[in-house]
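**Q**
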Amino acid sequence: MKSDSKNLDNRIKKITDWIESKISKRTFLYLISIVIGIVTGIATIILKTVVHYTGVFVHDVSQLDPTHIFLFATPLIGITLTVLYVKYYVKDSLAHGVSKILFAISRNDSRFPKHNKYSSIIASTLTVAFGGSVGLEAPAALTGSAIGSNLAERFNLDYKERTLLVGCGAAAAVACIFKAPIAGTIFALEVLMLDLSILSIVPLLLSAVTASILSMLFLGDSVVFYFAVFEDFNIHNTFYYVILGVVCGLIGLYFTRALEFLETRFASKIKSSAKKVLMGGLALGVLISLFPPLYGEGYGTLMALFSSAPADTLHTSSFFPLTGKVWQLALFLALIIFLKAFAVGFTTGSGGVGGVFAPSLFLGGLTGYLFALIINSLNISDISTRNFALVGMAGVMAAVMQAPLSAIFLIAEITGGYALFIPIIVTATFAYLTIHRFEKHSIYTKNLAKAGELITHNKDQAVITLMKMPNLIETDFSTVNYNAYFGSLISEIVSSTRNIFPVVDDDNNFKGIILLDDIRKIMFDCDLYDEIEIKELMKHPKAIIDKADTMQQVMDCFEETKEWNLPVVDNGKYLGFLSRSKVLTSYRDLLREVSLASD
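So the numbering used here is basically just the index in the sequence shown, starting at one, shifted up by 135.
(1) Determine which residues share a DSSP beta bridge with I635 and list them.
(2) Excluding the 5 residues preceding and the 5 following E398 in the sequence, name in chain order all residues of the same chain whose CB lies nearer than 7 Å to its CB.
(3) Between the Cα of K581 and those of Y620, S234, I180 and I181, spot the shortest distance and give me the residue it belongs to.
(4) If you run the structure through DSSP and keep just helix, strand and coil, what is F544?
(5) Whole angstroms are fine: how far does the CA of F374 sit from the CA of T520?
(6) Got a sec, what are the start and stop residues for the beta strand (DSSP E) V704 sits in?
(7) Considering only their Cβ atoms, is the gap separating I657 from K674 smaller than 8 Å?
(8) Look at the alpha carbon of I654 and the alpha carbon of F612, and state the distance between them as a whole number of angstroms.
(9) Quick one: residues in its chain with C-beta nearer than 6 Å to the C-beta of V174, no 5 flanking neighbours on either side, listed in chain order?
(10) Just to confirm before moving on: does the CB-CB distance between A307 and R297 stay below 8 Å?
(11) Here's a check: name, in chain order, each residue in its chain whose Cβ is nearer than 6 Å to the Cβ of A524, leaving out the five neighbours to either side.
(12) Using only the alpha-carbon positions, how far apart do G384 and I557 sit?
(13) Check each candidate in I256, L413, N643 and S626 and name the one with the smallest Cα separation from Y617.
(14) So who's on the other strand from Y620, going by DSSP bridges?
(15) What are the boundary residues of the beta strand (DSSP E) that S714 is part of?
(16) In this structure, what does DSSP give as the bridge partners for K674?
(17) Counting only the same chain and skipping the five closest in sequence on each side, list residues whose C-beta sits under 6 Å from that of G279.
(18) Nearest CA to the CA of V704: which residue from K697, V689, S716 and K717?
(19) Does at least one heavy atom of the ligand FAD sit under 7 Å from the Cβ of K603?
(20) Check whether the Cβ atoms of L349 and I549 sit closer than 8 Å, and answer yes or no.
(21) Quick one: what's got a C-beta closer than 7 Å to S721's C-beta in the same chain, skipping five residues either side?
(22) If I'm right that V493 touches L216 with Cβ under 8 Å, what's the distance once you round it to whole angstroms?
(23) When the Cα of L468 is compared with those of L508, T391 and V381, which residue comes out closest?
(24) With 16 as the cutoff for other CB atoms within 10 Å, does C311 come out buried or exposed?
(25) Express the C-alpha separation of A264 and G742 in angstroms, rounding to a whole number.
(26) For the alpha helix (DSSP H) containing H250, name the first residue and the last one.
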């Protein structure tokens with residue numbers, strides 16, 4: 136097996152060497168980005184198709200069961216299968232796909248476990264196809280990113296190129312699902328915070344366009360939803376779009392905090408995986424059996440809102456039957472908006488795999504529709520419920536993901552034009568400003584920021600994290616023994632090019648340092664060579680760096696002490712010194728390396 140892998144690596148190296156001799160690195164990146172678009176597109180198409188037709192089957196069966204017992208059982212089945220697959224086959228966490236991408240870029244040199252190339256789409260298929268109230272976009276993006284990363288590793292690309300291909304995979308996944316290449320590209324730039332340059336934008340676009348074309352070729356309208364703008368933008372409704380933006384921001388805030396609370400409760404209060412599955416699956420089953428629109432991604436419900444008789448289409452709840460009265464529909468939508476956070480929390484908290492992309496769009500569509508319905512019912516104005524539903528999708532998405540540009544261009548693209556471009560911008564902007572007043576980080580970045588693991592949104596942190604302490608430790612310092620005399624130090628001074636001498640004991644435990652400047656006045660007094668002990672000349676450094684410290688802690692030590700050299704130890708054992716000048720030189724070199732700007 137190892138010989139086969141070695142032979143494969145050798146063949147890949149030969150291919151890489153041949154490619155490098157024939158084409159430029161930039162052209163190679165363009166070609167590999169197209170390959171990523173194709174592979175990610177195919178994976179995403181399979182994912183969407185399987186989930187769609189499984190959902191159709193479940194829907195058809197549920198129509199034969201007026202008691203909705205079947206709907207009650209399916210989420211538990213799906214989550215159970217997901218947890219078994221993850222626990223016994225994957226043996227790794229698959230939750231929070233976009234957060235995992237950000238973590239890989241921030242802390243793992245943009246590298247992913249090999250199973251991420253397929254494990255997320257399998258797990259999310261099991262979850263969503265059986266009613267898990269989450270989206271497929273994040274698992275698809277994680278899959279695409281892992282594909283890009285592993286291809287980059289196969290061709291021995293460096294960090295900045297590997298990170299770019301990670302972004303290509305994520306862009307391709309989003310673009311394929313929505314047939315929206317611009318939105319996919321902006322998602323990679325805005326959410327993953329890739330540098331915007333010609334070198335980065337072209338591969339992202341190529342991946343996104345390639346995946347979108349595959350989606351158009353293989354997925355029909357029954358699989359990929361499509362919305363059309365029925366009424367043009369009325370400038371007199373601008374005020375209502377502003378108010379909708381604020382409302383969407385508050386809905387996004389509620390959803391973010393409610394989901395965080397539920398996931399935390401599941402993680403901290405329920406230790407047994409079996410209990411989590413049972414409690415979460417049953418709770419979700421109850422919600423779905425009472426309110427079927429909470430089933431799955433929710434795009435079917437959004438399509439229902441755009442039908443000619445949404446109340447009739449939403450007439451699916453035996454607990455809350457709709458008779459066509461406006462107040463009933465309004466109350467029904469309000470309950471769905473409130474309960475969606477619980478449905479998502481029960482799904483992810485119990486072990487289901489999926490993202491918040493689709494739930495954000497779902498909540499936004501219902502919020503916009505409900506907002507317009509209330510305005511019209513109170514005879515305040517006559518505004519388009521369908522237009523406000525579309526714009527609301529952008530609003531809540533911008534709030535939850537704190538990515539207004541991605542939301543703006545996604546809704547503009549899936550509506551087939553830019554007729555609502557201005558209201559989309561207005562609502563998305565005010566939604567973002569509203570939630571940002573209360574939450575400085577998005578649902579993807581909040582936990583990473585708390586743990587100090589978010590560097591994609593901070594170039595300085597990104598560079599510092601990439602710095603490897605072992606590569607920076609200098610070991611050409613002459614040590615002196617703690618129990619020796621002054622004379623032994625003199626012999627070390629003669630052969631050393633350094634002005635710092637670390638003091639260690641017989642077991643190499645670090646004791647302190649001696650500075651050449653401190654002994655300069657007595658170093659030529661031979662009478663003192665056998666009288667003064669090293670321990671009398673030694674002093675303690677202002678700070679000691681441990682090998683386990685992060686490079687951020689190292690930088691902080693240099694900043695606080697103003698020293699140019701600091702000793703490094705490993706469990707008290709002397710290793711060497713870190714030099715401020717060498718650290719800063721490494722920082723500058725890495726800053727140049729991580730930049731995606733073209734040469």
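Glycine is no exception: its CB is placed at the ideal position from the N, C-alpha and C atoms.
**A** Concretely, from the data shown:
(1) In the sequence shown, the residue the question calls residue 635 occupies position 500. Answer is L650, bridged to I635.
(2) What you label residue 398 is simply residue 263 of the sequence shown in a count that begins at 1. Take E398, set aside five residues on each side of it, and the residues of its chain with a beta-carbon closer than 7 Å to its own are G480, T483 and G484, in chain order.
(3) By 1-based counting over the sequence shown, the position of residue 581 is 446. Comparing Cα positions, the closest option is S234.
(4) For the purposes of this step, residue 544 is identified with residue 409 of the sequence shown, where counting begins at 1. Three-state result, F544: helix.
(5) Translated into positions along the sequence shown, residue 520 becomes position 385. Translated into positions along the sequence shown, residue 374 becomes position 239. In a straight line, the C-alpha of T520 is about 15 Å away from that of F374.
(6) By one-based count along the sequence shown, residue 704 stands at place 569. Per DSSP, V704 belongs to the beta strand (DSSP E) from N700 to D705.
(7) Sequence index remark: in the sequence shown, residue 674 carries index 539 (1-based). Sequence index remark: in the sequence shown, residue 657 carries index 522 (1-based). Not closer than 8 Å, so no.
(8) Here residue 654 corresponds to residue number 519 of the sequence shown, with the count starting at 1. Here residue 612 corresponds to residue number 477 of the sequence shown, with the count starting at 1. Distance between the alpha carbons of I654 and F612 is about 17 Å.
(9) By one-based count along the sequence shown, residue 174 stands at place 39. Closer than 6 Å at Cβ, skipping near neighbours: I282.
(10) As a position in the sequence shown, residue 307 is number 172, starting the count at 1. As a position in the sequence shown, residue 297 is number 162, starting the count at 1. No, the pair does not count as a contact, with Cβ atoms beyond the cut-off.
(11) Taking the sequence shown and counting its residues from 1, the one referred to as residue 524 is at position 389. So the qualifying residues of the chain are L440, G500, G503 and Y504.
(12) As a working mapping, residue 384 is identified with position 249 in the sequence shown. As a working mapping, residue 557 is identified with position 422 in the sequence shown. Spanning the two alpha carbons is a distance of roughly 18 Å.
(13) Position 482 of the sequence shown, counted from the start, is the residue given in the question as residue 617. Just measuring C-alpha positions, the residue of I256, L413, N643 and S626 sitting nearest Y617 is N643.
(14) The count along the sequence shown starts at 1 and reaches residue 620 at position 485. Note: Y620 sits in a beta bridge opposite E668.
(15) The residue given as residue 714 occupies position 579 in the sequence shown. It spans K708 to S714 - the beta strand (DSSP E) in which S714 sits, taken as one unbroken run.
(16) The sequence position of residue 674 within the sequence shown is 539, counting from 1. Beta-bridge pairing links K674 to I648.
(17) By 1-based counting over the sequence shown, the position of residue 279 is 144. Excluding sequence neighbours, G279 sits near T175, G304, A305, A307 and A308.
(18) Reading the sequence shown from its first residue, position 569 is the one you call residue 704. Nearest option by C-alpha distance: V689.
(19) The ligand FAD is not part of this structure, which contains no ligands at all.
(20) In the sequence shown, counting from the first residue as 1, residue 349 sits at position 214. In the sequence shown, counting from the first residue as 1, residue 549 sits at position 414. Not a contact, by the Cβ cut-off of 8 Å.
(21) Against the sequence shown, residue 721 aligns to sequence position 586. Cβ within range, chain order: M602 and L607.
(22) Residue mapping note: residue 493 aligns to position 358 of the sequence shown, counting from 1. Residue mapping note: residue 216 aligns to position 81 of the sequence shown, counting from 1. In the sequence on display, residue 493 carries Ala and not Val. The pair is not a contact, with the Cβ atoms about 20 Å apart (cut-off 8 Å).
(23) For the purposes of this step, residue 468 is taken as the residue at position 333 of the sequence shown. Per the Cα distances, L508.
(24) Along the sequence shown, read from residue 1 onward, the residue named residue 311 stands at position 176. Label assigned to C311: buried.
(25) Since the displayed the chain opens at 136 and closes at 734, residue 742 lies outside it and no answer follows.
(26) Looking up residue 250 in the sequence shown gives position 115. Unbroken run through H250: none, as it is neither H nor E.
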